[in-house]
Amino acid sequence: MTAPDHGARAARSGSTRRQFLLGGAVAGVGAAAAIGADTALNASADQPPSAPLNGDLTVPFHGAHQAGIDTAAQAHGLFVALDLHDGTDRADLTRMMRILTDDAARLTQGVPALADSEPELAAAPARLTVTFGFGPRFVERARGTGPDWLRPLPSFSIDRLVPELGDGDLLLQIAADDPLTVAHASRMLLKDTRSFASVRWTQQGFRRAHGTVAPGTTMRNLFGQVDGTTNPAPGTPDFDRVVWAGEGWLAGGTGMVVRRIRMDLDTWDELDRGGREQSVGRYLAVGAPLTGTDEFDEPDFAATTAIGFPVIPEFSHLRRARSENPDERIFRRAYNYDDGGAGAQVSDAGLIFVSFQADVDRQFVPLQRRLDQLDLLNQWTVPIGSAVFATPPGCGEGGFIGESLLT
Amino acid sequence: MHNRTMNNRPTGRRGRSTTAGLGVVLTALALAGCATADAADDDGGSAARAAQGVTLSDAWVKAADSGMSAAFGGLTNSGAQDVTVVSATTEASSMLELHETVENETGELVMREIDGGFVIPAGDTLTLEPGGSHIMLMDLTDPLEAGDEVTFTLTFSDDSTYEFTAPVKDYSGANENYVGGDTGADAGDMDMGSGTDTDDAGHTGTDG
Chain A
1 MTAPDHGARA ARSGSTRRQF LLGGAVAGVG AAAAIGADTA LNASADQPPS
51 APLNGDLTVP FHGAHQAGID TAAQAHGLFV ALDLHDGTDR ADLTRMMRIL
101 TDDAARLTQG VPALADSEPE LAAAPARLTV TFGFGPRFVE RARGTGPDWL
151 RPLPSFSIDR LVPELGDGDL LLQIAADDPL TVAHASRMLL KDTRSFASVR
201 WTQQGFRRAH GTVAPGTTMR NLFGQVDGTT NPAPGTPDFD RVVWAGEGWL
251 AGGTGMVVRR IRMDLDTWDE LDRGGREQSV GRYLAVGAPL TGTDEFDEPD
301 FAATTAIGFP VIPEFSHLRR ARSENPDERI FRRAYNYDDG GAGAQVSDAG
351 LIFVSFQADV DRQFVPLQRR LDQLDLLNQW TVPIGSAVFA TPPGCGEGGF
401 IGESLLT
Chain B
408 MHNRTMNNRP TGRRGRSTTA GLGVVLTALA LAGCATADAA DDDGGSAARA
458 AQGVTLSDAW VKAADSGMSA AFGGLTNSGA QDVTVVSATT EASSMLELHE
508 TVENETGELV MREIDGGFVI PAGDTLTLEP GGSHIMLMDL TDPLEAGDEV
558 TFTLTFSDDS TYEFTAPVKD YSGANENYVG GDTGADAGDM DMGSGTDTDD
608 AGHTGTDG
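Protein chains in written order, with our numbering: chain A, 1 to 407; chain B, 408 to 615.
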């Protein structure tokens, strides 16, 4: 379940404006942590801590793009899809998005929302971002048009989709490094959607907790695989080309695919380490391609074994996800889920696959078609939920998310 | 001119990085941006008009289909003199009252129309909030729907005025019930503790 493999390592040093603004604070945390572990432990209770708290860190809300896309993925991600009420019309959508934008603008900066009944819970934003996506019916109710790709994905043979886990008119992606922050933001926002919409599905995801691994470390999924090695780096022209849409009301926005992929950890357990590495085409230890030693080494698909088979098997995920067409690339921002087991089944786990790309039909669909036709990983993974959203651009002070569609 | 003070309660929040602090200021500016002091009646005299030193931040109004509602926010007086809000008007309600919450003789918290208006001490903030002081909309002219914006005008004891716009929000609290007589002399009794039924709008009248 690694990404289509095109990124170059050198490109990973880029930084976005958002990261730049945060950079000082983040560096401060790192430096203080490196120097002052003992100091912090020995500090008496009445001394202020020398390192800024992670809970105080904020990601700017306003800007050309919505936050939560090129933002370094937070530890906790919540995805909530809403169905609009039957009577919710264009004017209602404008009122709703104004309110939700105001809530998000405040909460992400550590300020309680208006009418926030638990204002203390807003005080630790912990890099909270709120990202809105519009489904086909939202655009229809807004009396807007396009983009053409804003519709359910074509059906794939591997899919076993559960309608209750897919589609939706409005998506909220709420992410932060603290789960209580996410819960409060979610409740505050959802309370403000009640007049306009109802919850269709909710998916709760996680990555490593804040501070567990070095910033920038590629995530691991519950198969133990390094997951997302080849992502374009935010802040680079490469990223901009892959992610940001250029036209119409979506200019500065992007396309978002959310797929819930169940991972059968029980049958994965039956596979030995060599088999696991063959299925994905990478070493588990560091995520290096089977022809390399470093995670970011370019795979050599021509390399063969002593008896003439490709070192990176034709059926491996890495090989299948790689396209010769440079258009067929995406930016992944996935989260793990584990809803716990019942009875003999000890886990119900998988991946909330999230990808951003300017054009879902041009970039995502062909890639997924190839994986649908052949990818050994399909033996242990089953897509059970699928949704596509148009993620509008960001907004400035006084504006609101969706204004390019609704005004 | 806009004050970033949101209320006068200690929040216990720790100081932020410069970047974080900037974000807070910008947010507050964006959302208080509609408030303007109206000193049109100023005769050019030497005394500062009350409205000139007052800002209202984080204003909002509770959504309601009909009947009553209430407006909240933080009224900050940055001037050197205490100021008094004596009345409020809005096209959204044919009648408004300024309410306070006080303890009655039995120790119960009750809402009532405040005698003499809201006094905002110099350099201080009066927080209007559910369960506390608020601007009461007694009789809505139209439904207040979430995301609407309502413009209010406050009048001070020196007749200067201050206009602000507040968004409407759905809110389940602020269900103080009106248990007074008719809208006459004792109309201000707002008993939070009464068991009177409320509708979705809250602030439901029980006297007809």
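C-beta atoms are modelled at their ideal positions from N, C-alpha and C, and glycine is treated no differently.
Contact list for residue i against chain A, beta-carbon separation under 8 Å
i	result
residue 555/B	95
residue 574/B	98, 99, 102, 114
Chain B within 9 Å of residue i, Cβ atoms only
i	result
residue 392/A	no
residue 192/A	yes
residue 132/A	no
residue 83/A	no
residue 117/A	yes
residue 42/A	Any reading at residue 42/A needs caution, since the residue's pLDDT is 48, under 50, leaving its predicted position unreliable; the model's value is listed next. It does not; no Cβ of chain B falls within 9 Å.
residue 98/A	yes
residue 388/A	no
residue 137/A	no
8 Å CB neighbourhood of residue i in its chain, flanking five on each side removed
i	result
residue 349/A	222, 262, 263, 265, 336, 337, 338, 339
residue 197/A	82, 83, 84, 85, 88, 96, 169, 170
residue 407/A	94
Element boundaries [alpha helix (DSSP H), containing residue i]
i	result
residue 317/A	317-321
residue 96/A	90-107
residue 278/A	273-280
residue 371/A	365-373
residue 137/A	136-141
residue 404/A	403-406
residue 239/A	237-243
Where residue i meets chain A, residues with beta-carbon distance less than 9 Å
i	result
residue 539/B	By Cβ distance, chain A contributes nothing, its closest Cβ being about 14 Å from residue 539/B, past 9 Å.
residue 566/B	Residues of chain A passing the Cβ test: none, with the nearest at roughly 30 Å.
residue 552/B	92, 95, 195
residue 580/B	115, 117
Where the beta strand (DSSP E) through residue i begins and ends
i	result
residue 263/A	254-263
residue 574/B	568-576
residue 386/A	381-391
residue 225/A	No beta strand (DSSP E) contains residue 225/A, which DSSP labels as neither H nor E.
residue 464/B	461-469
residue 69/A	Where residue 69/A is concerned, there is no enclosing beta strand (DSSP E), given that its DSSP letter is neither H nor E.
residue 543/B	541-544
residue 210/A	Element bounds for residue 210/A: n/a, residue is neither H nor E.
residue 76/A	76-84
residue 559/B	556-563
Cβ shell of residue i (< 7 Å), same chain only, five flanking positions each side left out
i	result
residue 290/A	277, 281, 282, 283, 311, 312
residue 101/A	395, 400, 401
residue 267/A	380
residue 103/A	113, 188, 189, 192
residue 553/B	470, 575, 576, 577
residue 318/A	2, 5, 280, 281, 282, 289, 299, 312
residue 427/B	Low confidence applies to residue 427/B: its pLDDT is 37, below 50, so where it sits in the model is not reliable enough to give any reading.
residue 106/A	112, 113
Cβ shell of residue i (< 6 Å), same chain only, five flanking positions each side left out
i	result
residue 135/A	168, 169, 389
residue 133/A	171, 256, 389, 391
residue 274/A	none
residue 477/A	Lying outside 1 to 407, the shown extent of chain A, residue 477/A is not represented and no answer is given.
residue 356/A	69, 243, 254, 256, 331
Per-residue contacts from residue i into chain B (C-beta, under 9 Å)
i	result
residue 104/A	Those do not exist, as residue 104/A stays about 10 Å from chain B at its closest Cβ, beyond 9 Å.
Interface residues of chain A facing residue i [CB-CB closer than 7 Å]
i	result
residue 577/B	191, 192, 194, 195
9 Å Cβ cutoff, residue i in contact with chain A
i	result
residue 465/B	yes
residue 499/B	no
residue 588/B	Because the pLDDT of residue 588/B is 38, which lies under 50, any placement of that residue in the model is unreliable, and the number read from its coordinates should be weighed accordingly. By this cut-off, residue 588/B is not an interface position.
residue 571/B	no
residue 559/B	no
residue 470/B	yes
residue 479/B	yes
residue 434/B	With a pLDDT of 36 at residue 434/B, under the threshold of 50, the modelled position of that residue is not reliable, and the figure given next carries that caveat. So, interface residue.
>> I'd like the ranges of any beta strand (DSSP E) spanning at least 3 consecutive residues and lying wholly in the stretch 496-526 of chain B.
In response: 503-510, 516-520
>> What ranges does the beta strand (DSSP E) occupy inside the stretch 327-360 of chain A, keeping only unbroken runs of at least 3 residues that lie completely in it?
In response: 335-338, 349-357
> What are the uninterrupted segments assigned as beta strand (DSSP E) that are 3 or more residues long and contained completely in the stretch 144-180 of chain A, given in chain order?
Replying inline: 170-176
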